[in-house]
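Read the structure below first, then the notes.
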Amino acid sequence: MFFKKLQDRTMKYRVGICQFQPRLLQVTRNLRQLEIMLRGIRADLIVLPELATSGYVFNNQDEVNGIAEDGIAGPTACLLKKLAHDNKTSYIAGFAEKEEDRIYNSAMLVNPSGEIFIYRKTHLFAEEKKWFQPGDTGFHIFSTQKNIKVGIMVCFDWIFPESARSLALQGAQIIAHPANLVLPWCQQAMLTRSLENRVYTITANRTGKESNGRKNLEFTGMSQITNPEGKIIHRMDKIEEGVYIAEIDPDSALDKKVTAWNDILADRRPELYINSSIEDR
Ligand code: ACM
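With positions in the sequence shown counted from 1, the corresponding number in my numbering is that position plus 185.
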């Protein structure tokens, strides 16, 4: 009898979370710390926190104007382009984006080829509404290494299930989620976002306390990677700083069946979901 050797068809894709404590308004220092943390670490995709190079608890608009930068030519893009080229790794990082006189809470995807894609945070949280324009890009998916489809949402976007669902409907296999989380619910909620969309999620949260003399915030850390079954592949602790890399099979996120009878995207019935007379109230 002839036995054909079964090939291992599982795709190996290395993804990472980078958790650390940016220092408020110290962009050069934060870039230097990132460069040290990421040097020599090779993966397919590494996700960094929201506003990774500026810190978060701003005091006034002048401070935000002072750290906001161009998404293609600014210091964050320049460092990530260099690292992406040297480490053959794609990065997704949050930053304050300046476009003409508008400032957005954005995230950039930088591929080793040098291409850059930008997502602008849709759902601003608390005082962010004072500093930033609401994002105008909408939710899109982008190709990363090995042609894997990645969608981006930023921090508080998590509480709107439409964010992750929009990305899943467009074919996202991985949802990258830079974050500066302070409320206690997101990490657990992301297990449901993974499960209900059958995607991997990578939440890269910052850690530490930050104060501007007027306001103090403590960030929750616990950056994590979850799989399409809603399980945690890895969760960091609240205060550790570092990079964690896991190997995943993104093609498993293409299978949307939960039973032989149920496909979570094909079985949707959007014609019954929105009653416009209720929405308009
Ligand atoms: C948040 O959206 N930074 C909580």
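Heads up, the beta-carbon is just placed ideally off N, CA and C, and yes, glycines get one too.
Predicted model, so just to flag it, every value in this text is computed and none were measured.
Asked                                                                                                      : Found
Residue ranges of each beta strand (DSSP E) within the stretch 294-341, 3 or longer                        : 301-305, 326-328, 334-337
F345, buried or exposed, once every other Cβ within 10 Å from all chains shown has been counted against 16 : exposed
Cα-Cα separation, G251 to G415                                                                             : 40 Å
Residue nearest to W316 in terms of C-alpha spacing, selected from F243, G393, L352                        : F243
heavy atom of the ligand ACM below 7 Å from L209 C-beta                                                    : no
Pair within 8 Å by beta-carbon distance, T307 and P297                                                     : no
Span separating the alpha-carbon of E220 from that of A445                                                 : 47 Å
Of the listed residues D247, Y241, A237, I202, nearest to R227 (C-alpha basis)                             : I202
Terminal residues of the beta strand (DSSP E) in which N401 lies                                           : 401-403
Check whether I305 and E285 have beta carbons under 8 Å apart                                              : The question names Ile, yet the displayed sequence has Arg at residue 305. Contact flag unset, no.
Under 8 Å between C-beta atoms of M338 and L352                                                            : yes
E381 to D255 span [Cα, whole Å]                                                                            : 35 Å
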